[in-house]
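Under numbering that gives the first Met the number 0, residues 0 to 459 are what the sequence shown spells out, in order. Below is one structure, written out as structure tokens, with a few remarks after it.
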Amino acid sequence: MSDPFELTDEPPTAPSVTVSASTNVSEASVPYLQGLNEPQIEAVQAIDGPVLVLAGAGTGKTRVLTTRLAHILMNQKARPWEIVAVTFTNKAAREMRSRVASLVGAPVEGWWLGTFHALAARILRSHAELIGLKPNFTILDTDDQIRLLKQVMEGYQIDDKKWPARVLMGVIQRWKDRGLTPEKVTVEEGADFAEGTLNQLYTDYQARLVTLNAVDFGDLLLHCLTLFTGHPDILSAYQRKFKYLLVDEYQDTNVAQYLWLRLLANENRNICCVGDDDQSIYSWRGAEVGNILKFERDFEGAQVIRLEQNYRSTPHILAAASVLIANNEGRLGKTLWTGAESGEKVSVRGVWDGEEEARVIGEEIESRQSKGQTLEEMAVLVRAGFQTREFEERLITLGVPYRVIGGPRFYERQETRDTIAYLRVVVSADDDLAFERIVNVPKRGLGKASLQAVHHLARG
0 MSDPFELTDE PPTAPSVTVS ASTNVSEASV PYLQGLNEPQ IEAVQAIDGP
50 VLVLAGAGTG KTRVLTTRLA HILMNQKARP WEIVAVTFTN KAAREMRSRV
100 ASLVGAPVEG WWLGTFHALA ARILRSHAEL IGLKPNFTIL DTDDQIRLLK
150 QVMEGYQIDD KKWPARVLMG VIQRWKDRGL TPEKVTVEEG ADFAEGTLNQ
200 LYTDYQARLV TLNAVDFGDL LLHCLTLFTG HPDILSAYQR KFKYLLVDEY
250 QDTNVAQYLW LRLLANENRN ICCVGDDDQS IYSWRGAEVG NILKFERDFE
300 GAQVIRLEQN YRSTPHILAA ASVLIANNEG RLGKTLWTGA ESGEKVSVRG
350 VWDGEEEARV IGEEIESRQS KGQTLEEMAV LVRAGFQTRE FEERLITLGV
400 PYRVIGGPRF YERQETRDTI AYLRVVVSAD DDLAFERIVN VPKRGLGKAS
450 LQAVHHLARG
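See the structure below:
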């Protein structure tokens, strides 16, 4: 069985596609263009050169992106393995693969469609030795990252209560989001953390990762940048290979992702970024809305297309959102509109705290129930999981049945982490972190002294 992550010049399965005579064809003559509005068709057909698609919420941006990919294939502008389509979440990547497969009528396994991290990992596994790793390197989750940093901190006698490892790891990850390896971080940037030792902690943390043959999520892009800048021949090979780049949610890219895209697009300049400068909400995790604002400067001659017809919301909702967002200074600007009916007006209530908020919502639920609405028609949306507590307590008091959507993800559950740790030890004998996780799962009576003796023997 072939490795789907192996870099090859041929795809596992070549699709059977129908070729159109022109890249600028009418909606009536091409089935996959049916149902698209004029700006969407324009975005699909503008396949040569840099393109920025400013897509407001609910304007069909994912459909445009996947249809554009199909259009490139249908017109034989590139072969499947010469196109990169990248997004931010696994869910969005699965949806993109499903839509593309449906449009072209062929499986897309082995194509370069996925998240930034998945595609970067795929590249790194083909060149792992050049960055000091083996191709079967382990990708650590957040829990293992914290544990490893705590081990490094112990060597410097850093008090974890005064300087929590999670906080320090957050700073290190932001450095990685900016494309900064340890030697590029200035002394001043780390001076305010962990008694001025954070720069050295970062250096030692990275060294321990190499010893473990492991990377964290930030390393996937960071190591790719190191690979590309340190080995121009490899960068050139990927630049020639990837004729088209399609990027979803461009407003959420951080500096490392931005640099990764810039390097890959410098050869052919056929890059299409879809995003919304009004929806950049992830600055706390390194997202730079400036990336989308300076696209036209980065790619001279770029075409900008605006998708402004909203298919999701009512005019009242769009009007309220537009009035608020118009106050933003850092935006390129667009005016959303919809052909939908007006619907209910937006109601805004100010409350003192979470308990009062839950009480107001509880009263609204009871009021709507009395008017014949069912609970299945109601949902309470919260920004963070901890906010559900007040609502749950209030609904219990009112005797209103409810269901919480969300909770720990499958791969974040303890039993899942433990099972994966067993598999990691089987695959990689160097994975000390995985070994430490499962050595007493189930309980085997091994204490700290015994573990230290095992580590001493292993390193001897």
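By construction, the Cβ of each residue, glycine as well, lies at the ideal position given by its N, Cα and C atoms.
Note to self: Could you tell me which whole alpha helix (DSSP H) segments of length 4 or greater appear in the region 279 to 314?
What the structure shows: 289 to 292 and 294 to 297
Next item on the list: Provide the residue(s) that pair with Gly462 in DSSP beta bridges, ordered along the chain.
Entry: Outside the shown range of the chain, which is 0 to 459, sits residue 462, and nothing can be said about it.
Item checked: Three or more C-beta pairs below 8 angstroms linking the region 390 to 397 and the region 411 to 422 -> no
Next item on the list: Closer than 7 angstroms by C-beta to Ala127: which residues in its own chain qualify, once you throw out the five before and the five after it? Chain order, please.
Entry: For this step, residue 127 is matched to residue 128 along the sequence shown. Excluding residues within five positions, the ones whose Cβ falls inside 7 angstroms are Lys133, Pro134 and Phe136.
Notebook entry, point to check: Can the beta-carbon of Leu432 be found less than 8 angstroms from the beta-carbon of Leu139?
Noted result: On the sequence shown, position 433 is the one that residue 432 refers to. On the sequence shown, position 140 is the one that residue 139 refers to. Yes.
Check: For Asp244, which of helix, strand or coil comes out of DSSP?
Finding: Numbered from 1 along the sequence shown, position 245 holds the residue referred to as residue 244. For clarity, residue 244 is Leu in the given sequence; the question names Asp instead. In this structure, Leu244 counts as strand in the three-state DSSP scheme.
Next item on the list: Go through its chain and collect everything with a Cβ distance to Leu317's Cβ below 8 angstroms, but skip five positions before and after it.
Entry: As a working note, residue 317 is residue 318 in the sequence shown. Only Asn309, Leu335, Trp336 and Thr337 meet the Cβ criterion.
Check: Is it a yes or a no for the region 44 to 55 touching the region 67 to 77, going by three-plus beta-carbon pairs under 8 angstroms?
Finding: yes
Next item on the list: Out of Ala255, Arg165, Gly349 and Gly332, point me to the one whose CA is closest to Gln278's CA.
Entry: In the sequence shown, counting from the first residue as 1, residue 278 sits at position 279. Closest option to Gln278, Cα to Cα, is Gly332.
Notebook entry, point to check: Any chance the region 217 to 231 sits against the region 173 to 180, with 3 or more Cβ pairs inside 8 angstroms?
Noted result: yes
Notebook entry, point to check: By Cβ distance below 7 angstroms, which residues in the same chain neighbour Ala319 in space, the five residues on each side in sequence not counted?
Noted result: Start at 1 with the first residue of the sequence shown, and residue 319 comes out as number 320. Excluding residues within five positions, the ones whose Cβ falls inside 7 angstroms are Val345.
Margin query: Here's a check: name, in chain order, each residue in its chain whose Cβ is nearer than 7 angstroms to the Cβ of Thr387, leaving out the five neighbours to either side.
Written below: Here residue 387 refers to the residue found at position 388 of the sequence shown. Result list for Thr387: Val381 and Val403, in chain order.
Note to self: Residues in the same chain with beta-carbon distance under 8 angstroms from Leu377, minus the five sequence neighbours each way, listed in chain order, please.
What the structure shows: Here residue 377 is taken as the residue at index 378 of the sequence shown, counted from 1. Per the sequence presented here, residue 377 reads as Met, with Leu not at that position. Within the same chain, Met377 has close Cβ partners Ile364 and Arg367.
Checklist line | Own chain partners of Ala120 with C-beta closer than 7 angstroms, once the 5 adjacent residues on each side are dropped | finding: The residue given as residue 120 occupies position 121 in the sequence shown. Same-chain partners within the cutoff: Ile138 and Leu219.
Margin query: Out of Asp232, Leu148, Gly154 and Asp191, which one is the CA nearest neighbour of Tyr201?
Written below: On the sequence shown, position 202 is the one that residue 201 refers to. Among Asp232, Leu148, Gly154 and Asp191, the Cα nearest to that of Tyr201 belongs to Leu148.
Checklist line | CA nearest to the CA of Ile169, picked from Asn74, Glu187 and Asp142 | finding: Your numbering for residue 169 matches position 170 in the sequence shown. Correcting the residue type first, residue 169 is Gly in the shown sequence and not Ile. Gly169 has its Cα closest to that of Asp142, out of Asn74, Glu187 and Asp142.
Next item on the list: Could you have a look at Ala13 and say whether DSSP puts it in helix, strand or coil?
Entry: In the sequence shown, the residue the question calls residue 13 occupies position 14. Low confidence applies to Ala13: its pLDDT is 36, below 50, so where it sits in the model is not reliable, and the reading given next is rough at best. Reduced to three states, the DSSP call for Ala13 is coil.
Next item on the list: Compute the beta-carbon to beta-carbon distance between Leu53 and Arg305, rounded to the nearest angstrom, for a pair I have assumed lies under 8 angstroms.
Entry: Translated into the one-based positions of the sequence shown, residue 53 becomes position 54. Translated into the one-based positions of the sequence shown, residue 305 becomes position 306. 5 angstroms between Cβ atoms; contact.
Next item on the list: Label Arg165 either buried or exposed according to how many other C-beta atoms from any shown protein chain fall within 10 Å of its C-beta, with 16 as the threshold for buried.
Entry: Position 166 of the sequence shown, counted from the start, is the residue given in the question as residue 165. Exposed, by the Cβ-count rule.
Checklist line | Beta-carbon proximity list for Asp275, same chain, < 7 angstroms, skipping 5 on both sides | finding: Taking the first residue of the sequence shown as position 1, residue 275 is located at position 276. Correct list, in chain order: Leu53, Ala54, Gly55, Ala56 and Gln250.
Next item on the list: Report the rounded CA-to-CA distance for Arg124 versus Trp111, giving the unit in angstroms.
Entry: Looking up residue 124 in the sequence shown gives position 125. Looking up residue 111 in the sequence shown gives position 112. Going by the C-alpha atoms only, they are around 14 angstroms apart.
Checklist line | C-beta contact flag for Asp430 and Ala206 at 8 angstroms | finding: In the sequence shown, counting from the first residue as 1, residue 430 sits at position 431. In the sequence shown, counting from the first residue as 1, residue 206 sits at position 207. No; because the gap between Cβ atoms is not below 8 angstroms, this pair is not in contact.
Check: Leaving out the 5 sequence neighbours to the left and right, which residues in its chain are closer than 7 angstroms to Ala27 when beta-carbon positions are compared?
Finding: Locating residue 27 in the sequence shown gives position 28, where the first residue counts as 1. Low local confidence applies: a pLDDT of 47 at Ala27 is under 50, so the model's placement there is unreliable, with the coordinate-based value given in what follows. Excluding positions up to five away in sequence, the list is empty.
Checklist line | 4-residue-minimum alpha helix (DSSP H) runs that sit fully inside the region 324 to 368, ordered along the chain | finding: none
Checklist line | Distance between beta carbons of Thr86 and Glu307, contact taken as under 8 angstroms | finding: For the purposes of this step, residue 307 is taken as residue 308 along the sequence shown, with counting starting at 1. For the purposes of this step, residue 86 is taken as residue 87 along the sequence shown, with counting starting at 1. In fact, because the Cβ distance is near 22 angstroms, the residues do not count as touching under 8 angstroms.
Item checked: Contact set for Gly217: own chain, Cβ-Cβ below 7 angstroms, skip 5 residues either direction -> Here residue 217 refers to the residue found at position 218 of the sequence shown. Within the same chain, Gly217 has close Cβ partners Gln172, Lys175 and Asp176.
Checklist line | Three-way DSSP call (helix, strand, coil) for Leu35 in this model | finding: As a first step, residue 35 must be located in the sequence shown, where it is residue number 36. It is coil, neither helix nor strand.
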